[in-house]
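A.B. asks: Counting in this note's numbering, the sequence shown runs from 40 upward without gaps. Note that the Cβ used here is the ideal one computed from N, Cα and C, for glycine as well. Encoded as structure tokens, here's the structure I'll be asking about.
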Amino acid sequence: MDSVDMGEIIDFKTKESERRIERIQELMRKALTDLLDDNDMQELKKLTRQGCH
């Protein structure tokens, strides 16, 4: 695998992590304003368990 392919993979992973972090932040804001429902809570648990690889 050459450096371009590796760079594209790293870029994809970074974007994926950024989206996950943005979603976690959105869910945390909902939690702070008591707007977090059970589905949101399950999603938040799943996202935070995955972490950033």
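Here's the rule I'm using: 16 or more other beta-carbon atoms within 10 Å means buried, otherwise exposed. How should L71 be labelled?
C.D. replies: Exposed, because fewer than 16 other Cβ atoms sit within 10 Å of the Cβ of L71.
A.B. asks: Do you know how far the Cα of L66 is from the Cα of D44?
C.D. replies: Taking the straight line from one Cα to the other gives about 33 Å.
A.B. asks: Would you tell me roughly how many angstroms separate the C-alpha atoms of L86 and D50, rounded to the nearest one?
C.D. replies: The straight-line gap from Cα to Cα measures roughly 19 Å.
A.B. asks: Which residue marks the beginning of the alpha helix (DSSP H) containing T87, and which one marks its end?
C.D. replies: Where T87 is concerned, the enclosing alpha helix (DSSP H) stretches over 77-89.
A.B. asks: Nearest-angstrom Cα distance between L74 and E55?
C.D. replies: Going from the Cα of L74 to the Cα of E55 covers about 25 Å.
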